[in-house]
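The letter at position 64 of the sequence shown is residue 100 when you use this note's numbering, and the numbering goes up by one with no holes. Below you'll find the structure, written out as structure tokens, and then a few comments.
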Amino acid sequence: MVTLHRGPSWKISVYGRDHGIPHFHIEGRDFRCSVAIGTLEVIVGSVPRHVLVEALEWAITRRRELLDIWEELNP
């Protein structure tokens with residue numbers, strides 16, 4: 037697992053040996069979701085709306101970096 041960003045009470049991570057389409061995880065104390073890198077859509081799980089907005093603001097300009105890291109960890 038690589039943690040790429042931390043918010044006030046959540047983090048964005050990419051896991052190695054993961055499955056499915058390229059995605060990242062938004063995780064907090066009481067929630068976890070997976071977000072597709074290509075579309076920035078939540079594909080599984082749930083996340084508070086304000087956290088999703090903040091996380092997507094961070095991720096939107098870093099899609100290439102997220103994809104590169106996902107591909108490196110999931111050859």
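For every residue, glycine included, the Cβ atom is placed at its ideal position computed from N, Cα and C. In this text, all values refer to a predicted model and were calculated from it rather than measured experimentally.
Check, Outcome
"Sub-8 Å separation of V71 and F60 beta-carbons", "yes"
"Coil, strand or helix - H61 by DSSP", "strand"
"Environment of V83 [buried if 16+ CB atoms lie within 10 Å]", "buried"
"7 Å CB neighbourhood of E63 in its chain, flanking five on each side removed", "W46, K47, S49"
"Per-residue burial, I131 [other beta carbons within 10 Å of its own, 16 or more giving buried]", "What is shown of the chain runs 37 to 111, which leaves residue 131 out entirely."
"Beta-carbon gap between A91 and L102 smaller than 8 Å", "no"
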